[in-house]
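Peer 1: Protein chains in written order, with this note's numbering: chain A, 26 to 137; chain B, 231 to 338. All C-beta atoms, glycine included, are put in the ideal place defined by N, C-alpha and C.
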């Protein structure tokens, strides 16, 4: 059974139109992460939540925001998607800082 | 930038051991070595991790050199389903930086 769930698997949005990607977990893990993976590249960490504490990577564009309303859910908001934001977006969780991360299968975002 | 260097690609015969090397010459004393793999169209999957000692689990073995500047992931009996990109990551805390990884192809 999937423990980190990302829906939908494929999302299409228009250039400049805000889009929200969702992630839920059944593991009750404290930490949730969002990664961006462009075609033929490795995943790149955007930000993470440790409980309610938000931690942004220094080079994450301001266009990307995140919300974590409760332990189980975390959202990635892209305020004004550009063509360069087309990518696979991966959500991951871990119990704590020095522990393995469990990944979802991602949402592939396309920009028209 | 990633702190690891891995071969771009490797082949392995089905049923044989796959040995994937990783160099991490700038690793610091409290950084862990993690291995993940990513099968096409799926999220990365955790394999194993270690600090100083060699580690083994149901998926693989991790051999870390005494000076900790390199490590080897061993899949003892590779199957076709082990074909994937394998990432070696040096990790201190939540900052997990993926390098380019090694594309392992297991052939019949």
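What residues from the segment 317 to 331 of chain B come within 9 Å of chain A, judged by C-beta to C-beta, listed N to C?
Peer 2: Taking 9 Å as the Cβ-Cβ cut-off against chain A, the residues of the segment 317 to 331 of chain B that qualify are 317, 321, 322, 323, 324, 325, 326, 327, 328, 329, 330, 331.
Peer 1: What residue from A:115, A:69, A:111 has the CA that sits closest to residue 40 of chain A's CA?
Peer 2: Translated into the one-based positions of the first chain, residue 40 of chain A becomes position 15. Measuring from the Cα of residue 40 of chain A, the nearest candidate turns out to be A:111.
Peer 1: Would the beta-carbon of residue 266 of chain B fall within 8 Å of that of residue 276 of chain B?
Peer 2: Sequence index remark: in the second chain, residue 266 of chain B carries index 36 (1-based). Sequence index remark: in the second chain, residue 276 of chain B carries index 46 (1-based). Yes.
Peer 1: Answer yes or no: does any C-beta atom of chain A fall closer than 8 Å to that of residue 236 of chain B?
Peer 2: Taking the second chain and counting its residues from 1, the one referred to as residue 236 of chain B is at position 6. Closer than 8 Å: no.
Peer 1: Quick one: is residue 251 of chain B near chain A, going by C-beta distance under 8 Å?
Peer 2: As a working mapping, residue 251 of chain B is identified with position 21 in the second chain. Not one chain A Cβ lies under 8 Å of residue 251 of chain B.
Peer 1: Examine chain A for any beta-carbon lying closer than 8 Å to the beta-carbon of residue 273 of chain B, and answer yes or no.
Peer 2: For the purposes of this step, residue 273 of chain B is taken as residue 43 along the second chain, with counting starting at 1. So, interface residue.
Peer 1: Less than 6 Å between C-beta atoms, sequence neighbours within five positions excluded: which residues of the same chain meet that for residue 37 of chain A?
Peer 2: For the purposes of this step, residue 37 of chain A is identified with residue 12 of the first chain, where counting begins at 1. Cβ within range, chain order: 135.
Peer 1: Tell me whether the segment 121 to 129 of chain A and the segment 79 to 96 of chain A touch, counting them as touching only if at least three CB pairs, one residue from each stretch, are closer than 8 Å.
Peer 2: These segments do not touch.
Peer 1: Run down chain A in chain order and give the residues with a C-beta less than 8 Å from the C-beta of residue 279 of chain B.
Peer 2: Looking up residue 279 of chain B in the second chain gives position 49. Within chain A, the residues near residue 279 of chain B are 125.
Peer 1: Assign residue 66 of chain A to buried or exposed, taking buried as 16 or more other Cβ atoms, counted over all protein chains shown, within 10 Å of its Cβ.
Peer 2: As a first step, residue 66 of chain A must be located in the first chain, where it is residue number 41. Looking at its Cβ environment, which holds fewer than 16 other Cβ atoms inside 10 Å, residue 66 of chain A is exposed.
Peer 1: Go through the segment 288 to 328 of chain B residue by residue and report every complete run of the beta strand (DSSP E) that reaches 3 residues or more, in order.
Peer 2: DSSP runs (the beta strand (DSSP E)) wholly in the segment 288 to 328 of chain B: 291 to 294, 300 to 305, 314 to 321.
Peer 1: Tell me, please, whether the CB atom of residue 108 of chain A is closer than 8 Å to any CB atom in chain B?
Peer 2: Taking the first residue of the first chain as position 1, residue 108 of chain A is located at position 83. With 8 Å as the cut-off, residue 108 of chain A does not count as an interface residue toward chain B.
Peer 1: Using three-state DSSP, classify residue 273 of chain B as helix, strand or coil.
Peer 2: Along the second chain, one-based indexing puts residue 273 of chain B at 43. DSSP places residue 273 of chain B in coil when its eight states are reduced to three.
Peer 1: Nearest by alpha-carbon distance to residue 252 of chain B: which of B:287, B:279, B:307, B:338 is it?
Peer 2: Counted from its first residue, the second chain places residue 252 of chain B at position 22. Residue B:279 is the option with its Cα nearest to residue 252 of chain B.
Peer 1: Measure from the alpha carbon of residue 75 of chain A to the alpha carbon of each residue in A:30, A:96, A:107, then state which is nearest.
Peer 2: In the first chain, the residue the question calls residue 75 of chain A occupies position 50. Out of A:30, A:96, A:107, A:96 has the C-alpha closest to the C-alpha of residue 75 of chain A.
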